[in-house]
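Since the structure comes first, as structure tokens, the remarks are kept for the end.
Number of protein chains: 2
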Amino acid sequence: MAGRPRDERARNVVLRRAADIASMDGLEGLSIGRLATDLGVSKSGLFGYFGSKEELQLATIRVAAGIYLDEVVRPALAVPPGLGRVWRLCENWLSYSQRRVFPGGCFFFTVTAEFDARPGRVRDAVAAASRDWIRLVARTVEDARQLGELVDDTDANQLAFELIAFMETANAVSLLHDDPAAYQRGRAAIRRRLHDAATDPAMLPDVESVT
Amino acid sequence: MAGRPRDERARNVVLRRAADIASMDGLEGLSIGRLATDLGVSKSGLFGYFGSKEELQLATIRVAAGIYLDEVVRPALAVPPGLGRVWRLCENWLSYSQRRVFPGGCFFFTVTAEFDARPGRVRDAVAAASRDWIRLVARTVEDARQLGELVDDTDANQLAFELIAFMETANAVSLLHDDPAAYQRGRAAIRRRLHDAATDPAMLPDVESVT
DNA sequence: CCTACCGATCGGTAGG
DNA sequence: CCTACCGATCGGTAGG
Chain A
1 MAGRPRDERA
11 RNVVLRRAAD
21 IASMDGLEGL
31 SIGRLATDLG
41 VSKSGLFGYF
51 GSKEELQLAT
61 IRVAAGIYLD
71 EVVRPALAVP
81 PGLGRVWRLC
91 ENWLSYSQRR
101 VFPGGCFFFT
111 VTAEFDARPG
121 RVRDAVAAAS
131 RDWIRLVART
141 VEDARQLGEL
151 VDDTDANQLA
161 FELIAFMETA
171 NAVSLLHDDP
181 AAYQRGRAAI
191 RRRLHDAATD
201 PAMLPDVESV
211 T
Chain B
1 MAGRPRDERA
11 RNVVLRRAAD
21 IASMDGLEGL
31 SIGRLATDLG
41 VSKSGLFGYF
51 GSKEELQLAT
61 IRVAAGIYLD
71 EVVRPALAVP
81 PGLGRVWRLC
91 ENWLSYSQRR
101 VFPGGCFFFT
111 VTAEFDARPG
121 RVRDAVAAAS
131 RDWIRLVART
141 VEDARQLGEL
151 VDDTDANQLA
161 FELIAFMETA
171 NAVSLLHDDP
181 AAYQRGRAAI
191 RRRLHDAATD
201 PAMLPDVESV
211 T
């Protein structure tokens, strides 16, 4: 069921809108009735696509993860491993947040805070996505270390934690205080930290001007 | 109205419980009916204390801010200004999060992510509390700089951003991944950053062992 | 994939 | 500060 191209395309339109809503109001704030009204379809028709609210939430997370992959991860993997790729990954994340690919900023920031203290399948899916992301950043850092572009005693997991902290806080501050300068702060913090860990700081590109 | 001691005490019991619920499920997830059932009182009686859900949410934020002040801010102001006070402030925050003073971790982390993309009085109150906190950290850093304990070209607002990023990310990671080591990561990051900015790194206390 | 409906719960009110 | 209720909305179902 739901295997025909038209169904899949329709499903994707629904889920893309669902991810937008969830980025602002959370996955609980996302209601089937509201989503149906927004899209001009019947509630029960939409319900039939997913079978339950929880399945809708899980499908929304999968679609958001795909967008994240396209916007942040894939274009960074297109540049060679090393310090440049670490920088690209961070830069892509800040751009993805700043361009409001999701209107409520990073989808995963919103739903992490929403589900981090509630058990269930939704929390598990959010945690799995987070784990994948943390591991990807750590592996990218570790690659740079092994290539000799970061000092030898660099703790990849620790550095990944710090870089992610700067990205997420830039996202949070920019949203809550409507302050685009938060991205300058995040970018400066990342640049400084990578500068300190780099064997050849000249390999870091200049900080780009921010709109 | 509601000025008698007994009323105020009762109000405080209600709001303390409200803050606990909101730290896990958010200020929208906090419903008057559920709160009433939890406390064994009638819904309309409880409603009468506040007049509207929004007023309940705003009163809950005020109570949570008071607890934050008692747990994090006041004990840091008891030590003299300087690098030691900066460290105390960060250490108190990590302890407040780790001890689960609120069962869902930092109350303000949860409600910031919940309201950062929705307009209204609740968002404004959350943003005001966040601004106060950021300014306090920045002023504490600036005091340390003026006392000559941080290098002269320290950008207080930038350093405050970075310290806050480490604290909030320790909170978020520990909750989502049920991983107490996140606090070690946060503490190590803060320590390293302050070490680099200190004029006399020996003034930083050793990292305490973590349970 | 629609209309029409279910019981439960929401914020809020009336009346005492 | 209680009981009893209001209309709206929730997730979900029946029946076509």
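From first to last, the protein sequence lines are chains A and B. Quick note on full-length UniProt numbering: the first sequence kicks off at 1 and runs consecutively. Quick note on full-length UniProt numbering: the second sequence kicks off at 1 and runs consecutively. Here a beta-carbon is modelled for each residue, glycine too, at the ideal position from N, C-alpha and C.
Candidates the options, of which the one nearest residue i by Cα
| i | options | result |
| --- | --- | --- |
| B/Asn92 | B/Gly186, B/Phe115, B/Arg121 | B/Gly186 |
| A/Ala59 | A/Leu30, A/Tyr96, A/Ala198 | A/Leu30 |
| A/Thr140 | A/Tyr183, A/Ala128, A/Phe161 | A/Phe161 |
| B/Arg17 | B/Asp153, B/Ile61, B/Glu54, B/Gly51 | B/Ile61 |
| A/Ala117 | B/Ala117, B/Thr110, B/Arg118 | B/Thr110 |
| B/Lys53 | B/Leu15, B/Leu150, B/Tyr68, B/Trp87 | B/Leu15 |
| B/Phe50 | B/Ile32, B/Ile67, B/Gly40, B/Asp38 | B/Ile32 |
| A/Val173 | B/Ala182, B/Ala170, B/Ala127, B/Thr154 | B/Ala127 |
| A/Asp38 | A/Asp20, A/Gly48, A/Glu55 | A/Asp20 |
| B/Ala138 | B/Ala170, B/Ala125, B/Cys90 | B/Cys90 |
| B/Ile67 | B/Phe47, B/Ser97, B/Leu46 | B/Ser97 |
Cα-Cα separation, residue i to residue j
| i | j | result |
| --- | --- | --- |
| B/Pro81 | B/Ala144 | 6 Å |
| B/Met203 | A/Leu35 | 56 Å |
| B/Ala189 | B/His195 | 10 Å |
| A/Gly120 | B/His177 | 13 Å |
| A/Pro180 | A/Cys106 | 15 Å |
| A/Ser130 | A/Met167 | 14 Å |
| B/Glu142 | B/Ala197 | 12 Å |
| A/Leu175 | B/Gln184 | 28 Å |
| A/Pro75 | B/Ser42 | 56 Å |
| B/Glu114 | A/Asp25 | 7 Å |
| A/Leu136 | A/Leu27 | 25 Å |
| B/Asp200 | B/Leu163 | 19 Å |
| A/Arg100 | B/Val79 | 42 Å |
| B/Gly84 | B/Val72 | 14 Å |
| B/Thr211 | B/Arg123 | With a pLDDT of 38 at B/Thr211, under the threshold of 50, the predicted position of this residue should be treated as unreliable, though the coordinate-derived value follows. Distance between the alpha carbons of B/Thr211 and B/Arg123 is about 35 Å. |
| B/Trp87 | B/Asp153 | 19 Å |
| A/Glu55 | A/Arg9 | 18 Å |
| residue 293 of chain A | B/Arg191 | Because chain A is modelled from 1 through 211, residue 293 of chain A falls outside the range shown and cannot be assessed. |
| A/Val13 | A/Thr112 | 23 Å |
| A/Ser95 | B/Gln146 | 35 Å |
| B/Ile134 | A/Ala22 | 27 Å |
Residue-chain proximity (residue i, chain A), Cβ-Cβ < 8 Å
| i | result |
| --- | --- |
| B/Ser97 | no |
| B/Asp7 | no |
| B/Leu176 | yes |
| B/Pro103 | yes |
| B/Gly66 | no |
| B/Ser209 | Its pLDDT being 42, under 50, B/Ser209 is placed unreliably by the model, and the measurement read from it follows with that caveat. Not one chain A Cβ lies under 8 Å of B/Ser209. |
Neighbour list for residue i in chain A, Cβ cutoff strictly below 8 Å
| i | result |
| --- | --- |
| B/Arg118 | Met24, Asp25 |
| B/Ala113 | Phe109, Thr110, Thr112, Ala113, Glu114, Ala172 |
| B/Ala188 | Gln158 |
Minimum Cβ-Cβ distance from residue i to chain B less than 8 Å
| i | result |
| --- | --- |
| A/Val141 | no |
| A/Ala198 | no |
| A/Met1 | Model confidence at A/Met1 stands at a pLDDT of 42, short of 50, so the residue's coordinates are unreliable; what they give is reported in the following sentence. It does not: the Cβ of A/Met1 has no partner Cβ on chain B nearer than 8 Å. |
Listed by chain order, chain B residues near residue i by CB distance under 7 Å
| i | result |
| --- | --- |
| A/Arg185 | Gln158, Phe161 |
What are the residues of the stretch 159-171 of chain B that lie near chain A, defined by any Cβ-Cβ distance shorter than 7 Å?
-> Phe161, Glu162, Ile164, Ala165, Phe166, Glu168, Thr169
Given a limit of 9 Å on CB to CB distance, which residues of the stretch 120-137 of chain A reach chain B?
-> Arg123, Val126, Ala127, Ser130, Arg131, Ile134
Chain A contacts from the stretch 15-46 of chain B (Cβ-Cβ distance under 9 Å) = Ser23, Met24, Asp25, Gly26, Glu28, Gly29
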